[in-house]
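Visitor: Quick note: the sequence shown, position 933, residue 1421 per the working numbering, numbers continuous.
Before anything else, here's the structure in question.
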Amino acid sequence: MASDHTNYTVFMPPTPDNQPGAAPTPASGGSTKPENLPLPRYTSGSKLVNRRSGDDGAAGGAKMDRWLSTEQVASPSKSLLVRSQTGEFDHNRWLFETQGTYGIGNAYWPQDDNDDGAGMGGGSVKMEDLVDKPWKPLSRKVAIPPGILSPYRLLVLVRFVALFLFLVWRATNPNPDAMWLWGISIVCEYWFALSWLLDQMPKLNPINRAADLAALREKFESKTPSNPTGRSDLPGLDVFISTADPYKEPPLVTANTLLSILATDYPVEKLFVYISDDGGALLTFEAMAEACAYAKVWVPFCRKHSIEPRNPEAYFTQKGDPTKGKKRPDFVKDRRWIKREYDEYKVRINDLPEAIKRRAKAMNAHERKIARETAAASSDAAPPPVKATWMADGTHWPGTWLDSAPDHGKGDHASIIQVMIKNPHHDVVYGDADDHAYLDFTNVDVRIPMFVYLSREKRPGYDHNKKAGAMNAMVRASAVLSNGPFMLNFDCDHYVYNCQAIREAMCYMLDRGGDRICYIQFPQRFEGIDPSDRYANHNTVFFDGNMRALDGLQGPMYVGTGCLFRRYAIYGFNPPRAVEYHGLVGQTRVPIDPHARSGDGIADELRPLSDHPDHEAPQRFGKSKMFIESIAVAEYQGRPLADHPSVRNGRPAGALLMPRPPLDAATVAEAVSVISCWYEDNTEWGLRVGWIYGSVTEDVVTGYRMQNRGWRSVYCITKRDAFRGTAPINLTDRLHQVLRWATGSVEIFFSKNNAMLASRRLMFLQRMSYINVGIYPFTSLFLIMYCLLPALSLFSGQFIVATLDPTFLCYLLLITVTLVLLCLLEVKWSGIGLEEWWRNEQFWVIGGTSAHLAAVLQGLLKVAAGIEISFTLTAKAAAEDDDDPFAELYLIKWTSLFIPPLAIIGINIIAMVVGVSRCVYAEIPQYSKLLGGGFFSFWVLAHYYPFAKGLMGRRGRTPTIVYVWAGLISITVSLLWITISPPDDRVSQSGIEV
């Protein structure tokens, strides 16, 4: 075998690891130092190598069997071929001895100062020129795993086919013995199928999103050639807080909401906070003044120790170890002092109502004394002094007085704007150890964002349009005072729970394509809910299911608090690069000219606003020149950075680094004028511009109008809840809340905001979701009939089908199984729990047979008779029982909304007793009909379990009125049935009368 390999040849290209080792000759004049040895050439040639005998041309080397001979390098010196003890080439040693390199690039660059990069493409390029980080997006979409989404879509198709076949079978197989029962059931089933389709189809494309906060800081808050100081280049943000009645919305709750916003992690000089007090109450005004005073220590404390959450009440009452993760040695001392200051701050706010009354009483008594002295000194009779409400500085409060008077009533007072915290300095202001006696804020930014108290003018005879009018007043006033290109609105009981949430929203607004986003909706999270969530207050099926699914289409709906808007979109402008969806299901995207007029009957809604503000702007926005000039500025400042060729409609970096000018008297006076009650006359405010009027659910209508013009929205779910608030856990308050939402949906259905009239800029599935918003209250009419069908079946001894044949049971089983599987998969991609899903189903039946029915009746009255609908503000005060945080859950406040559910429960219970009695005493028991009717009656009663438990109150104490109504309804229904179908002596057995 050895003879087979005695003499063989291979072709070996010259590489650094096969160069011969020969000592440099003196003639070369070179040194033996490694740094003077040149690199070997990399040539494309190859030499014939004799493995056995080597190469005779190799200089000065003894023949070795394992050496490879190659062509000599052209340089005078040769590289030393180094081999390890294992006989392998030692590449690291070769790099050291020859000063070899890996080439050039951003992984390694040769640091030889004498090397000019000739032949390597280097030139004057250095390593620093190659380490610039590549462009990164600020956000990305995270797709639902196909292993979950594909079966989910397949099950939707299977259930749709099963429903279609079942409804066809039901229509072709009537029950001749009870045609009326069959007719009612088939109508209800067809409606339920349509309702399920409208609810299910928009959920076919759910997505998740992720924001990159590090990339946001790198682009907007790091030192660059365009931003040498590293000052924040983020756009301004105006935050709105809405309140109306300090006696139903406690001022302490509102003040803590303000503190959480002032302490949020956003550039101080770019954050501007406004509160709209629609009641014009001095109590709210002075509570905000107390909050501003406490903010001087609370905000720096939060920044120094990275406090979360930054609502003091939520922070001091949360469970757990407050020192977890804290490393500063003075944290415990600081926290103890801040907690004591907060307790004193709470006591001062709680005492404000009595303090204002005492002050008013004393000041009015002093005024009466002066009036009497003046009248005694003069012969003229002086008018009696009014009972005024006084501010702490001894002047009349310009808003609503405790004792109503002309120009000082709840619906009759002047405009009020008070800048309680002025514009902070544009540079960071660090605290000193000597600034405070107990707190050391050294190296902590002690600036506080600007804060403005606002109360719009109200006069008799004007329609002030409730919350929508207050929001539009804040939009105009903020445009004059700060003009942040983005706006974030809060209810007074919602606070910032995650101080990074606003930055995450900015990642979507300022990303590539973000100029087409009109708003960022955050999910609403609630605290103070009972552990079992009896009345589905968390509403996770909607917020984590439906809204997440809409994010995969044109975006979620606007559902009130916790929504960040693009100011330019609120003004009614069309989006850049708008598209229309053509085809049967909108499958074709067609780009449109943003200045083209629509020809499909909705030109007024889609027409572009005037290109030149001086032409028609006063007719659109009012006659404030300062406001009109702010529109173009807000649009420009809200653009994303033009730092990539794919970014269209961008702005250059560093454009927002200039400090803002301080406020002057003329600017504040202009802001006062734009919130007057006459400013909106002959303008498009509430019609096309700003929050839309005419509905109690102005939030949904406003969001729909923007998406109908082609704008998109984004759903921002943060890892830590962005905002938190409170929700009514009492059954009566919860039903009234649902009634308000449902009434707004009925108003939408009977208005031009019905999605059936939407433009082609609204996606097909998005249109279906808005149609569902308008018609879901009407499901209550069919739901009540269907909940009574089991009782009617038991009373009559009939069923919706002639017999429980296998076809009916198979269809029923298939529809139920697919529904359960869909629920399980929806739980997987949405993250909701099975118990939450079941609670949602239960309260859908409870609300559908009570609040939704009342909403339909009220909506029909408004359309037919023009009767306006009014709602009282939901009280947000805490429960009176301090020992039980859920004491409000057990309060029973009677309302007429209880009557339909009580009737359904009572009738079904009586029907089950009647059905069992008939079956027991019948000569030929019909167990199949009893089984069918009894099972569905039990299923109905299972959905009403939370309602029945709520009526029992604490420890099962049911109010007497419940028993009275249940007895009256049961007796009435029984007598009515006996009148309709009186008993006789004949017994029917299998169709034969005996």
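Beta carbons are placed, not taken as given, at the ideal position from N, Cα and C, and that holds for glycine.
Identify, in the order they occur along the chain, each residue of the same chain with its Cβ nearer than 7 Å to the Cβ of residue 744, setting aside the five sequence neighbours on each side.
Guide: Taken in chain order, the residues that qualify are 799, 800, 801 and 983.
Visitor: Kindly give me the distance between the Cβ atoms of residue 686 and residue 1260, rounded to whole angstroms, as I take these residues to be in contact under 8 Å.
Guide: 4 Å
Visitor: Using only alpha-carbon positions, find the residue among 1431, 1185 and 1421 that is nearest to residue 1328.
Guide: 1431
Visitor: In the DSSP assignment, what residue or residues form a beta bridge with residue 1396?
Guide: None, per the DSSP bridge assignment.
Visitor: Would you please state the rounded distance, in angstroms, between the beta carbons of residue 1184 and residue 1235? I believe it to be under 8 Å.
Guide: With a Cβ gap of about 7 Å, residue 1184 and residue 1235 count as contacting.
Visitor: With three or more C-beta pairs closer than 8 Å as the rule, is the stretch 889-908 touching the stretch 933-951?
Guide: yes
Visitor: Any chance you could list the alpha helix (DSSP H) runs of at least 4 consecutive residues sitting entirely within the stretch 1245-1300, in chain order?
Guide: 1252-1263 and 1267-1284
Visitor: One question on the structure: do residue 874 and residue 893 come within less than 8 Å of each other, judged by their Cβ atoms?
Guide: yes
Visitor: Per DSSP, residue 1008 is paired with what?
Guide: 1052 and 1202
Visitor: Assign residue 1153 to one of two classes, buried (16 or more other C-beta atoms within 10 Å of its C-beta) or exposed (fewer than that).
Guide: Per the 10 Å Cβ criterion, exposed.
Visitor: So who's on the other strand from residue 763, going by DSSP bridges?
Guide: 729 and 941
Visitor: Output the residue ranges of the alpha helix (DSSP H) runs that lie fully inside the stretch 1135-1194 and measure 4 residues or longer, sorted by chain position.
Guide: 1153-1161
Visitor: Going along the chain, which residues of its own chain have a beta-carbon closer than 6 Å to the beta-carbon of residue 1387, five neighbours each way excluded?
Guide: none
Visitor: Kindly indicate the opening and closing residues of the beta strand (DSSP E) around residue 1069.
Guide: 1067-1070
Visitor: If you follow the alpha helix (DSSP H) that residue 660 is part of, which residue opens it and which one closes it?
Guide: Segment 634-660, the alpha helix (DSSP H) holding residue 660.
Visitor: Have a look at residue 665 and residue 688 and give me their C-alpha separation to the nearest angstrom.
Guide: 35 Å
Visitor: In the DSSP assignment, find the beta strand (DSSP E) that holds residue 1045 and state where it starts and stops.
Guide: For residue 1045, there is no enclosing beta strand (DSSP E), as DSSP marks it with neither H nor E.
Visitor: Using beta-carbon positions only, say whether residue 679 and residue 1267 come within less than 8 Å of one another.
Guide: yes
Visitor: By how many angstroms is the C-alpha of residue 987 removed from the C-alpha of residue 755?
Guide: 12 Å
Visitor: Should residue 1224 be labelled buried (16 or more other beta-carbon atoms within 10 Å of its own) or exposed?
Guide: buried
Visitor: Which class does residue 1028 belong to by DSSP, given the choice of helix, strand or coil?
Guide: helix
Visitor: Note down, in chain order, each residue of its chain lying with its Cβ closer than 7 Å to the Cβ of residue 960, except the 5 sequence neighbours on either side.
Guide: 1173, 1174, 1178 and 1179, listed in sequence order.
Visitor: Going by DSSP, name the residue or residues bridged to residue 716.
Guide: BP columns for residue 716 are empty, so no partner.
Visitor: Is the beta carbon of residue 1130 sitting closer than 8 Å to the one on residue 1116?
Guide: no
Visitor: Quick check: the Cα distance between residue 1377 and residue 1435, rounded to an integer number of angstroms?
Guide: 12 Å
Visitor: With 16 as the cutoff for other CB atoms within 10 Å, does residue 997 come out buried or exposed?
Guide: A residue is called buried once 16 or more other Cβ atoms fall within 10 Å of its Cβ, and residue 997 is buried on that count.
Visitor: Taking a contact to mean a Cβ-Cβ separation below 8 Å, would you say residue 724 touches residue 970 in this structure?
Guide: yes
Visitor: From the DSSP secondary-structure annotation, give me the bridge partner or partners of residue 897.
Guide: Beta-bridge analysis with DSSP links residue 897 to 900.
Visitor: So, is residue 1298 buried or exposed, given that buried needs 16 or more other C-beta atoms within 10 angstroms?
Guide: exposed
Visitor: Counting beta carbon pairs with one atom in the stretch 1138-1145 and one in the stretch 713-729, are three or more of them shorter than 8 Å?
Guide: yes
Visitor: List the endpoints of the continuous beta strand (DSSP E) containing residue 1237.
Guide: Not the beta strand (DSSP E): residue 1237 falls in the alpha helix (DSSP H), residues 1219-1237.
Visitor: Counting contacts by CB-CB distance shorter than 8 Å, is residue 689 in contact with chain D?
Guide: The structure shown has no chain D; it contains just one protein chain.
Visitor: Under a three-way DSSP split, which group does residue 1079 fall into?
Guide: strand
Visitor: Taking the continuous beta strand (DSSP E) assigned at residue 974, which residues delimit it?
Guide: The continuous beta strand (DSSP E) containing residue 974 extends over residues 974-979.
Visitor: By alpha-carbon positions, which one of 796, 1164 and 1439 ends up nearest to residue 752?
Guide: Of 796, 1164 and 1439, the residue nearest in Cα terms is 796.
Visitor: I'd like the list of long-range same chain contacts for residue 888, defined as Cβ closer than 7 Å, with 5 residues on each side in sequence excluded.
Guide: 767, 768, 769, 896, 897, 898 and 901
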